[in-house]
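Chemist:
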Amino acid sequence: MQGLLQGMHQNTKNVCVLADEGTGTLNQLVTPGMSTLNSSWSGMPIKVERKTSESFTLTGQRMAFLLSIQPGPFQEYRDRKSDLAKAAGLWARTLVCGPLSTIGFRQISRHENTRSDSTQYFARIRELIEKSFESEETEYEEPSEIK
219 MQGLLQGMHQ
229 NTKNVCVLAD
239 EGTGTLNQLV
249 TPGMSTLNSS
259 WSGMPIKVER
269 KTSESFTLTG
279 QRMAFLLSIQ
289 PGPFQEYRDR
299 KSDLAKAAGL
309 WARTLVCGPL
319 STIGFRQISR
329 HENTRSDSTQ
339 YFARIRELIE
349 KSFESEETEY
359 EEPSEIK
């Protein structure tokens with residue numbers, strides 16, 4: 219987690235963690251850093267205090283996770299840590315994907331895969347990214363109570 223925060227401080231405040239081995243990411247990054255992730259997802263500044271190097275504060279940061287994980291290890295993690303992860307909002311902020319088992323089954327198709335035109339998709343993504351960078355200019359405001 220410390221390396222990720224340092225990278226965000228030195229390079230960009232917006233990150234997406236793509237993990238093709240999701241088990242390691244869950245155990246080594248997510249679980250120990252749950253409070254930091256919670257602060258980030260709430261839009262609160264993250265203060266990183268250091269003894270031997272520069273301390274810093276991240277503001278306006280955004281984090282997303284894409285975890286690719288086998289069904290068995292994912293279920294085992296959820297059995298052990300699901301309450302903590304759920305309470306922190308991990309599953310609402312993480313795209314989890316995994317392969318279906320192909321044991322004893324192979325799909326054979328004579329149809330050729332076609333690729334659709336993705337021009338509109340990429341234009342929309344570019345628009346959202348630019349809009350995101352524009353909104354980074356605003357200062358953090360403490361959430362107010364809704365009555």
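Residue numbers (my numbering): 219 to 365. Where is the CB? At the ideal position from N, CA and C, for every residue including glycine.
1) How is the alpha helix (DSSP H) around Asn256 delimited, first residue to last?
2) What whole-angstrom Cβ distance do Leu366 and Leu284 have, given they're in contact under 8 Å?
3) For Gln228, count neighbouring Cβ atoms within 10 angstroms of its own Cβ and tell me buried if that reaches 16, exposed if not.
4) With the cut-off set at 8 Å, would you say Asp238 and Ser273 are in Cβ contact?
5) Since Asn232 sits in a beta bridge, which residues does DSSP pair it with?
6) Helix, strand or coil: which one does DSSP assign to Lys269?
7) Tell me the rounded alpha-carbon separation between Phe351 and Ser258.
8) For Asn245, tell me which candidate among Glu345, Lys269 and Leu302 has the shortest Cα-Cα distance.
Modeler: To lay it out plainly:
1) For Asn256, the enclosing alpha helix (DSSP H) begins and ends at Met252 to Trp259.
2) No answer is possible for residue 366: the residues shown for the chain start at 219 and end at 365.
3) The residue is exposed, with fewer than 16 neighbouring Cβ atoms inside 10 Å.
4) No, the pair does not count as a contact, with Cβ atoms beyond the cut-off.
5) Under DSSP, the beta-bridge partners assigned to Asn232 are Arg280.
6) Looking at Lys269 - three-state DSSP - the assignment turns out to be coil, as it is neither helix nor strand.
7) So the two alpha carbons sit approximately 16 Å from each other.
8) Of Glu345, Lys269 and Leu302, the residue nearest in Cα terms is Leu302.
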